[in-house]
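In this note's numbering, the protein residues as written are 2 to 30.
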């Protein structure tokens, strides 16, 4: 689940939850 106001970088593979108001990136993110 991606939290509210979170940003996932282009091309990233999200494998875990992203907390609200965070920026995640990478492969895996």
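Every residue, glycine too, gets a C-beta built ideally from N, C-alpha and C.
Just so you know, these numbers come straight off a predicted model, no measurement behind them.
With a cutoff of 8 Å on beta-carbon distance, residue 13 and residue 26 are scored as near each other. A straight line joining the alpha-carbon of residue 23 with that of residue 11 spans about 15 Å. Taking C-alpha positions only, residue 17 is separated from residue 5 by approximately 15 Å.
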